[in-house]
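As they're listed, the protein sequences go chains A and B. The numbering used here puts the first sequence at residues 1 to 91. The numbering used here puts the second sequence at residues 1 to 144. No residue lacks a Cβ here, since even glycine has one placed at the ideal position from N, Cα and C. See below for the structure under consideration.
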Amino acid sequence: MTFVEESAGALLFAALSQGVKYGREVGVIPSIATGTRIDTEDIVTLVSAAAVDKLGEFRRVGKLMEAGSGGLSYSVGKIVSKLWVKAIAGV
Amino acid sequence: MAVISKRDLLDVAGGAAAGTIDGVLKGIFNKDPAYWTGRFPYISAPIDSPLYIIPSLDDWLVLVGSGLVWFAGRSIRNADLTYIGLKAMVSSIGMLADAVVERARTYASRLAYISRQAAKPAAPSAPKPVAAAPVITPTRVSTY
């Protein structure tokens, strides 16, 4: 079922995002603070989700494609959310 | 095969839809956190409770809003809108998971702080203040 697999992909990439965020907080991963709340974890999640999506598409692996697609939606949603917070509240 | 297909654009549109709902709600809260704390829709369990790890109501409203987009697409039989709604729901599920992890970390760090405070040795007691001398007021003493 597509929805379940895409949601699982979103959860996987949420875990990746939290892991990268923790690494950034303890100083293992560098920060690329942008002036908004968008930071390393958002960019890493977006790029890796897009890469997984395209890999699944080119190799014709349905599950990989769906997981990447869910992760892409999740990471775009998070970035757009942070941009809206910056636009409305200025933080 | 195009590098960016229509499916990719719809994925991004779904995520942007969920992100817009979430961002507007969070932006309103962050504009005046003191006013909005505890008010609808920013309702959650108190930080002392283990139920604090459940995301607040505004995070669930993102899922509801995304579901409404999906339902609208189904109702008017628009495949693209249905797909965008589905992607927005997927995105909001990811953001809910994010909120659970963030809140669990906050709760755990608070518990750790409380246990550190409880384990701290008691500070040496301060010297007792010298009792003030009793005030003697002259009274008339009866001689009878």
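Endpoints, alpha helix (DSSP H) assigned at residue i
i, result
"Ser69 (chain A)", "62-89"
"Thr82 (chain B)", "79-119"
Within chain A, the residues that residue i reaches when beta carbons sit closer than 9 Å
i, result
"Gly15 (chain B)", "Leu72, Ser73, Tyr74, Ser75, Val76, Gly77, Lys78, Ile79, Val80"
"Thr20 (chain B)", "Gly77, Val80, Ser81, Trp84"
Simplified DSSP state of residue i, which is helix, strand or coil
i, result
"Thr34 (chain A)", "coil"
"Tyr42 (chain B)", "coil"
"Ile28 (chain B)", "helix"
"Asp53 (chain A)", "helix"
"Ile53 (chain B)", "helix"
"Ile29 (chain A)", "coil"
"Val3 (chain B)", "coil"
"Thr37 (chain B)", "coil"
"Ala122 (chain B)", "coil"
"Thr143 (chain B)", "In this prediction, Thr143 (chain B) has a pLDDT of 45, which is less than 50 and means its spatial position is unreliable; what the coordinates show is noted afterwards. The answer is coil: DSSP assigns Thr143 (chain B) none of H, G, I, E or B."
"Asp48 (chain B)", "coil"
"Asp39 (chain A)", "coil"
"Ile21 (chain B)", "helix"
Chain-ordered neighbours of residue i on chain B, where CB pairs are closer than 7 Å
i, result
"Val85 (chain A)", "Gly23, Lys26, Gly27, Asn30"
"Ala89 (chain A)", "Gly27, Asn30, Lys31"
"Met10 (chain A)", "With the sequence shown as reference, residue 10 (chain A) is identified as Ala, and Met is not the correct amino acid for it. Per Cβ cutoff of 7 Å: Val90, Ser91, Ile93, Gly94."
"Ser7 (chain A)", "Val90, Ile93"
Amino acids of chain B, ordered along the chain, whose beta-carbon sits closer than 9 Å to that of residue i
i, result
"Leu55 (chain A)", "By Cβ distance, chain B contributes nothing, its closest Cβ being about 13 Å from Leu55 (chain A), past 9 Å."
"Ser69 (chain A)", "Arg7, Asp8, Asp11, Lys87, Val90"
"Leu64 (chain A)", "The contacting residues do not exist; Leu64 (chain A) stays about 14 Å from chain B at best."
Partners in chain B for residue i, counting only beta-carbon separations shorter than 8 Å
i, result
"Ala14 (chain A)", "Gly94, Met95, Ala97, Asp98, Val101"
"Ser48 (chain A)", "Result: empty, since nearest Cβ-Cβ is about 14 Å, beyond 8 Å."
"Ser17 (chain A)", "Asp98"
Partner residues on chain A for residue i, Cβ-Cβ distance less than 8 Å
i, result
"Ala112 (chain B)", "Those do not exist, as Ala112 (chain B) stays about 15 Å from chain A at its closest Cβ, beyond 8 Å."
Near the ligand ATP: residue i beta-carbon under 7 Å from a heavy atom
i, result
"Ile43 (chain A)", "Ligands are entirely absent from the displayed structure, and the ligand ATP is therefore not among its contents."
Original post:
Counting Cβ pairs, one atom from each stretch, are 3 or more of them under 8 Å apart for the stretch 82-98 of chain B and the stretch 64-72 of chain B?
Top reply: The stretch 82-98 of chain B vs the stretch 64-72 of chain B: in contact.
**OP:** Decide if the stretch 19-32 of chain B is in contact with the stretch 66-85 of chain A; the criterion is three or more beta carbon pairs, one per stretch, under 8 Å apart.
**Re:** Yes: the two stretches touch, three or more of their Cβ pairs being nearer than 8 Å.
Subject >> At least three beta-carbon pairs within less than 8 Å, the stretch 94-107 of chain B to the stretch 52-60 of chain B >> reply: Contact holds between the stretch 94-107 of chain B and the stretch 52-60 of chain B, because three or more Cβ pairs, one in each stretch, are under 8 Å apart.
Original post:
Is it a yes or a no for the stretch 53-67 of chain A touching the stretch 17-29 of chain A, going by three-plus beta-carbon pairs under 8 Å?
Top reply: Judged by Cβ distances under 8 Å, the stretch 53-67 of chain A makes no contact with the stretch 17-29 of chain A, as fewer than three pairs qualify.
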